[in-house]
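See structure below.
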Amino acid sequence: MLKPFLEIGKIVSVHGLKGEVRVQPWCDSGEFIKKFKTLYLDKKGEKSVNILSCRPHGNVVIVKIDGVDTPEKAQSMRNKVLYMDRNDTKLKDGQYFIQDLIDCKVIDADDENRVYGVITDVSETGANDVWHITDENKREYLIPAIPSVVIETEVETGIVKIRPLKGIFDEEVNGDAP
């Protein structure tokens, strides 16, 4: 089941004297955070905050939260994680939140009985994302998230079908059995 509230960033410091905070975005860009008028301080969506303004500033986003008017109040928000309601945004077809990919089971597109492991992390490299797949023996494999490798992604069911590049999941590495 998909999480209804997703991490969007973390408040890392105070900005100025009017109670603004600096948020380290955990999304594609600071521009994405600008879409939201309401964010949440918990993953259940029980503690909401109204966003009065939001502007990217280098590698952080400067956010003005309703009711946070002093540097002291802003400091009390430091290290809090901000969450978004997934229903407040629409993704294009074929796009996914990284958090939805984590823990998806990865299977072979041509032999559904072959399970490679689960996605445990995603690295954003610029050219394409790289998915970290960890098998039942805790070995980690890296696959490029490109159309010729990732055949089908069903985050709703937690299944990803791939055709791995030759050599990624081979049993022997440099002539040594694992």
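For the sequence shown, counting from 1, position 94 maps to 119 in my numbering; every step adds exactly one.
Don't be surprised by glycine CBs; every beta carbon is placed ideally from N, CA and C.
* Asked: Does the Cβ-Cβ distance between I58 and V86 come in under 7 angstroms?
  -> Translated into positions along the sequence shown, residue 58 becomes position 33. Translated into positions along the sequence shown, residue 86 becomes position 61. With a cutoff of 7 angstroms on beta-carbon distance, I58 and V86 are scored as near each other.
* Exposed or buried, which one is K163 when buried takes at least 16 other CB atoms within 10 Å? -> As a first step, residue 163 is located in the sequence shown; it is residue number 138 there, counting from the start. Result: exposed.
* Look at the alpha carbon of E32 and the alpha carbon of K60, and state the distance between them as a whole number of angstroms. => Mapped onto the sequence shown, residue 32 falls at position 7. Mapped onto the sequence shown, residue 60 falls at position 35. Taking C-alpha positions only, E32 is separated from K60 by approximately 15 angstroms.
* Asked: Which residue's Cα is closest to the Cα of M109: N75, T95 and G83?
  -> In the sequence shown, residue 109 corresponds to position 84, counting from 1. Nearest option by C-alpha distance: N75.
* Buried or exposed by the 16-neighbour rule on C-beta atoms within 10 Å, applied to P172 -> The residue labelled residue 172 in the question sits at position 147 within the sequence shown. For P172, the number of other beta carbons within 10 angstroms of its own is below 16, and it is reported as exposed.
* Would you report the Cα separation of I90 and K28, rounded to the nearest angstrom? -> On the sequence shown, position 65 is the one that residue 90 refers to. On the sequence shown, position 3 is the one that residue 28 refers to. Approximately 24 angstroms, taken between the alpha carbons.
* Asked: Would you report the Cα separation of T63 and Q49, rounded to the nearest angstrom?
  -> Taking the sequence shown and counting its residues from 1, the one referred to as residue 63 is at position 38. Taking the sequence shown and counting its residues from 1, the one referred to as residue 49 is at position 24. One C-alpha to the other measures close to 17 angstroms.
* In three-state terms, what does DSSP make of G44? -> By one-based count along the sequence shown, residue 44 stands at place 19. For G44, the secondary structure class from DSSP, reduced to helix, strand or coil, is coil.
* Asked: Going by DSSP, which residues form a beta bridge with Q49?
  -> To locate residue 49, count along the sequence shown from 1; it is residue 24. Bridge partners of Q49 according to DSSP: K35.
* **DSSP state of E56 mapped onto helix, strand, coil** => The count along the sequence shown starts at 1 and reaches residue 56 at position 31. In the structure shown, E56 sits in a helix (DSSP, three-state: H, G or I).
* Apart from the five residues on each side of it in sequence, which residues of its chain come closer than 6 angstroms, Cβ to Cβ, to A99? -> On the sequence shown, position 74 is the one that residue 99 refers to. Same-chain partners within the cutoff: V39, G44, V46 and V93.
* **As assigned by DSSP and simplified to three states, the class of P96** => Taking the first residue of the sequence shown as position 1, residue 96 is located at position 71. Helix.
* Asked: Around the C-beta of G142, are 16 or more other C-beta atoms found within 10 angstroms, so that it is buried, or is it exposed?
  -> The residue labelled residue 142 in the question sits at position 117 within the sequence shown. If you draw a 10 Å sphere on the C-beta of G142, you find 16 or more other C-beta atoms in it, and that means buried.
* Assigned secondary structure, R210 (DSSP; H/G/I helix, E/B strand, else coil) -> Examination of residue 210 is not possible in this model, given that the chain is present from 26 through 203 alone.
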